[in-house]
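Colleague: Dumping the structure here so I can ask a few things about it.
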Amino acid sequence: MPDVEKIQHELLHNDKLHSVIDQNLWSSELMYPDAHILVVDDLDLNRKLYVALLKRRNAIVYEAVNGEEAVNIFKERPISLILMDLNMPVKNGFEATYEIKKYSRDSFVPIIICTAYASDDILAKAQACGADDLLKKPVKTDIFITKINTMLRLKEFYTRQQKLSQQLQQEVDERKAANERLIAFQKELEALVEKKTHELRQKDMDLLEMDRITSIYTLAAGMAHEINNPLGFIQSSIDSLNKEINRLLPDTLEKSGTAQKIDRLIHRAQRGIKRISHLIDSLKYLANINKNDCLPININKSIDETIQLMGSQANDQIEFITDLGHLPEMTCICTEIHLCLMNIIRNAQDAVDKQGKIYIQTRYDKNNETIAICVEDNGPGISKKHLRQVFDPFFTTKPVGHGTGVGLALSERIVRRHGGKIVLDSQPGRGTSVTIHLPLANIENRNE
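In UniProt numbering, the protein residues as written are 1 to 448.
What follows is the structure in structure tokens.
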């Protein structure tokens, strides 16, 4: 076995040998000026040998005399590679290697164990502690340089791989985020398409419904025009007949006791004519609903006037209870709103018949700039099967001769023309409430 100390002395002090090393082993491709190498050995001579070889390679070298000191330096410095002796005081090479590998779990710092006892047992124990290679003492310069070079290249490869892996992960995360945004956008787009499709379908349904209602109204208006003329003849004929009977047969009628019977029959006929005339006027109004101008109106005052008008026609036992809030004036077609209120209040009167209560309430929603009018009765209510039909023209739940089915349909059309809506709530045995929501905005530019 060659004299280790002699070889080490020659390596440290023979300039000719250094020249050979420079030419063969320290070529530019093997230079790592950015490498931070930690040399751990309790023998000064070994450390000096390693340090001399490494510094010739332009490496930045740190020294430690035991495992404990090596661990502390590693925690404080950006170490690239460690040359670790095994037999040292305080903390041996196995212990230090294990602790450093545990501390640097997220990074790769190669550790080369330097030992004169390179047995299989030592090798297995070194690998179990996390060591990456084994360097047998006495150190041969070419093997030393090769192992250092291999480990530093492995370190560089790992660093590049880790950087590429991070970049790849970043790209994956970015693409994943982009994909999630795309999926979210797709869902938003699908929801928007579904919403727009629903709105278009609703508009189509509204247009079809309006066409249907307009056709019915047009037909009804034409019928009203045709009925109005013969109705006038009938009214005129009954009035003339009544006069002629009273003029020609006053004594005979009085003696026979048929005068009152004739008067009663004539009164019924006239009442029927008035009812038909009222229906004709409603139908005419319905057909010409677009021909009025917008004017300011006080809703509460309009309600009071309507109650007075309707109350005079109602049974005294019907009680009107009002809770009218402070409302600003709104611009609307006044005759339409009056007619709407009259129709709804008349329906409430008919619902409670000759007794009961009608509650009328108004409120102003400042945030939405809308007026709410609620008319509620304590009548018998409306069954579920009829709720969907209450706004259909000519639909009525009243007995024959007591309702035309025009009132609510006309009122609903008036409210929609004003940009509002009617909400009807009813349950059998609990009465009915009709709430009108009207915006304050002018309706001159609104279209049905």
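Here a beta-carbon is modelled for each residue, glycine too, at the ideal position from N, C-alpha and C.
From a predicted model like this one, the values you see are computed outputs, not experimental measurements.
#1: Give the range of the beta strand (DSSP E) segment to which residue 438 is assigned.
#2: Which residue from 194, 52 and 302 puts its Cα closest to that of residue 61?
#3: Cα separation between residue 180 and residue 196?
#4: May I have a chain-ordered list of the alpha helix (DSSP H) segments no shorter than 4 residues that lie completely inside the region 314 to 401?
#5: Cβ atoms of residue 436 and residue 415: under 7 Å apart, would you say?
#6: What is the rounded straight-line gap between the Cα of residue 385 and the Cα of residue 228?
#7: CB residue 134 to CB residue 113, shorter than 7 Å?
#8: Entirely within the region 155 to 195 and at least 3 residues each: give me those beta strand (DSSP E) ranges in chain order.
#9: For residue 101, I'd like the list of residues in its chain whose CB is within less than 6 Å of its CB, leaving aside the five on either flank, ordered along the chain.
#10: In this structure, what does DSSP give as the bridge partners for residue 40?
#11: Take residue 137 as the anchor and find which of 336, 68, 175 and 87 has the nearest alpha-carbon.
#12: Figure out for me which residue from 110, 423 and 58 has the closest Cα to the Cα of residue 372.
#13: If you reduce the DSSP assignment to three classes, tell me which class residue 114 lands in.
#14: How about residue 38: is its C-beta nearer than 7 Å to some C-beta of chain D?
#15: At what residues does the beta strand (DSSP E) containing residue 297 begin and finish?
#16: Residue 434 and residue 352 look like a contact to me (Cβ under 8 Å); what is the Cβ gap, rounded to whole Å?
#17: Is it buried or exposed, residue 348, if we count other Cβ atoms within 10 angstroms and call 16 or more buried?
#18: Quick check: the Cα distance between residue 320 and residue 193, rounded to an integer number of angstroms?
#19: Can you have a look at residue 198 and say buried or exposed, based on whether 16 or more other CB atoms are within 10 angstroms of its CB?
#20: CB-CB under 8 Å to residue 78, same chain, minus the five flanking residues each way: which ones, in chain order?
#21: Reducing DSSP to helix, strand and coil, say where residue 423 ends up.
#22: Return the chain-ordered list of same chain residues with a C-beta closer than 8 Å to the C-beta of residue 429, the five sequence neighbours on each side being excluded.
#23: DSSP puts residue 106 in a beta bridge; with which residues?
#24: Per DSSP, residue 134 is paired with what?
#25: Helix, strand or coil for residue 418 per DSSP?
#26: State buried or exposed for residue 409, treating a residue as buried only when at least 16 other CB atoms are found within 10 Å of its CB.
#27: Report yes if the CB atom of residue 362 is closer than 7 Å to the CB atom of residue 325, and no otherwise.
#28: By how many angstroms is the C-alpha of residue 57 removed from the C-alpha of residue 118?
#29: Near residue 64, which residues of its chain fall below 6 Å by C-beta distance, leaving aside the five closest residues on each side in sequence?
#30: With a CB to CB cut of under 7 Å and the five nearest residues on each side skipped, what residues in its chain are close to residue 122?
#31: By the three-class DSSP mapping on this structure, what secondary structure does residue 57 have?
#32: Let's see if you can read the secondary structure: which residues bound the alpha helix (DSSP H) around residue 122?
#33: Using only the alpha-carbon positions, how far apart do residue 103 and residue 171 sit?
#34: Report, in whole angstroms, the separation of the C-beta atoms of residue 66 and residue 91, which I expect to be a contact under 8 Å.
#35: So, helix, strand or coil for residue 459, using DSSP?
#36: Let me know if residue 267 comes out buried or exposed under the rule of 16 or more other beta-carbons within 10 Å of its beta-carbon.
Modeller: Per the coordinate set shown:
#1: Taking the first residue of the sequence shown as 1, we reach residue 438 at position 438. Residue 438 -> beta strand (DSSP E) spans 432 to 439.
#2: Indexing the sequence shown from 1 puts residue 61 at position 61. Residue 61 has its Cα closest to that of 52, out of 194, 52 and 302.
#3: Stepping through the sequence shown from its first residue, residue 180 is reached at position 180. Stepping through the sequence shown from its first residue, residue 196 is reached at position 196. Separation of residue 180 and residue 196 (C-alpha to C-alpha, rounded to the nearest whole angstrom) is 24 Å.
#4: The qualifying runs are 334 to 352 and 384 to 387.
#5: Position 415 of the sequence shown holds residue 415. Position 436 of the sequence shown holds residue 436. With respect to the 7 Å criterion, residue 415 and residue 436 are classified as neighbours on the basis of their beta carbons.
#6: Mapped onto the sequence shown, residue 385 falls at position 385. Mapped onto the sequence shown, residue 228 falls at position 228. Taking the straight line from one Cα to the other gives about 35 Å.
#7: Against the sequence shown, residue 134 aligns to sequence position 134. Against the sequence shown, residue 113 aligns to sequence position 113. It is a contact, given that the beta carbons lie within the stated cut-off.
#8: none
#9: Against the sequence shown, residue 101 aligns to sequence position 101. The answer, listed in chain order, is 130.
#10: Along the sequence shown, read from residue 1 onward, the residue named residue 40 stands at position 40. Answer is 64 and 84.
#11: Taking the sequence shown and counting its residues from 1, the one referred to as residue 137 is at position 137. Measuring from the Cα of residue 137, the nearest candidate turns out to be 87.
#12: To locate residue 372, count along the sequence shown from 1; it is residue 372. For the residues 110, 423 and 58, the minimum Cα distance to residue 372 belongs to 423.
#13: Taking the first residue of the sequence shown as 1, we reach residue 114 at position 114. Strand, per DSSP.
#14: Among the chains in the structure shown there is no chain D, since it carries only a single protein chain.
#15: Stepping through the sequence shown from its first residue, residue 297 is reached at position 297. For residue 297, the enclosing beta strand (DSSP E) stretches over residues 295 to 297.
#16: The count along the sequence shown starts at 1 and reaches residue 434 at position 434. The count along the sequence shown starts at 1 and reaches residue 352 at position 352. That pair is no contact at about 14 Å.
#17: In the sequence shown, the residue the question calls residue 348 occupies position 348. The residue is buried, with at least 16 neighbouring Cβ atoms inside 10 Å.
#18: Numbered from 1 along the sequence shown, position 320 holds the residue referred to as residue 320. Numbered from 1 along the sequence shown, position 193 holds the residue referred to as residue 193. Whole-angstrom Cα-Cα distance: 49 Å.
#19: The sequence position of residue 198 within the sequence shown is 198, counting from 1. With fewer than 16 Cβ atoms within 10 Å of its Cβ, residue 198 is classed as exposed.
#20: Here residue 78 corresponds to residue number 78 of the sequence shown, with the count starting at 1. Counting only Cβ-Cβ distances below 8 Å, and skipping sequence neighbours, we find 36.
#21: The residue labelled residue 423 in the question sits at position 423 within the sequence shown. Here residue 423 carries a strand assignment [DSSP, helix/strand/coil].
#22: As a first step, residue 429 is located in the sequence shown; it is residue number 429 there, counting from the start. Annotation for residue 429: 380 and 381 place their beta carbon closer than 8 Å to its own, counting only its chain and skipping 5 residues before and after.
#23: Looking up residue 106 in the sequence shown gives position 106. Residue 106 pairs with nothing; no bridge assigned.
#24: Position 134 of the sequence shown, counting from 1, holds the residue named residue 134. In DSSP, residue 134 forms a bridge with 113.
#25: On the sequence shown, position 418 is the one that residue 418 refers to. Under the three-state reduction of DSSP, residue 418 is assigned to coil, being neither helix nor strand.
#26: Numbered from 1 along the sequence shown, position 409 holds the residue referred to as residue 409. Residue 409 is classed as buried because its beta carbon has at least 16 other beta carbons within 10 Å across all chains shown.
#27: Here residue 362 refers to the residue found at position 362 of the sequence shown. Here residue 325 refers to the residue found at position 325 of the sequence shown. The criterion of a C-beta distance shorter than 7 Å is satisfied by residue 362 and residue 325.
#28: Locating residue 118 in the sequence shown gives position 118, where the first residue counts as 1. Locating residue 57 in the sequence shown gives position 57, where the first residue counts as 1. Cα to Cα, residue 118 sits roughly 26 Å from residue 57.
#29: Position 64 of the sequence shown, counted from the first residue, corresponds to residue 64. 40, 70 and 73.
#30: In the sequence shown, the residue the question calls residue 122 occupies position 122. The answer, listed in chain order, is 115.
#31: As a first step, residue 57 is located in the sequence shown; it is residue number 57 there, counting from the start. Coil at residue 57, not helix or strand.
#32: Counting from one through the sequence shown, the residue named residue 122 turns up at place 122. Element bounds for residue 122: 120 to 129.
#33: Within the sequence shown, numbered from 1, the residue matching residue 103 stands at position 103. Within the sequence shown, numbered from 1, the residue matching residue 171 stands at position 171. Roughly 29 Å separates the two Cα atoms.
#34: Looking up residue 66 in the sequence shown gives position 66. Looking up residue 91 in the sequence shown gives position 91. At roughly 6 Å, the Cβ-Cβ gap stays under 8 Å, so residue 66 and residue 91 are in contact.
#35: As displayed, the chain neither begins before 1 nor continues past 448, which places residue 459 out of reach and without an answer.
#36: Taking the sequence shown and counting its residues from 1, the one referred to as residue 267 is at position 267. Classification for residue 267: exposed.
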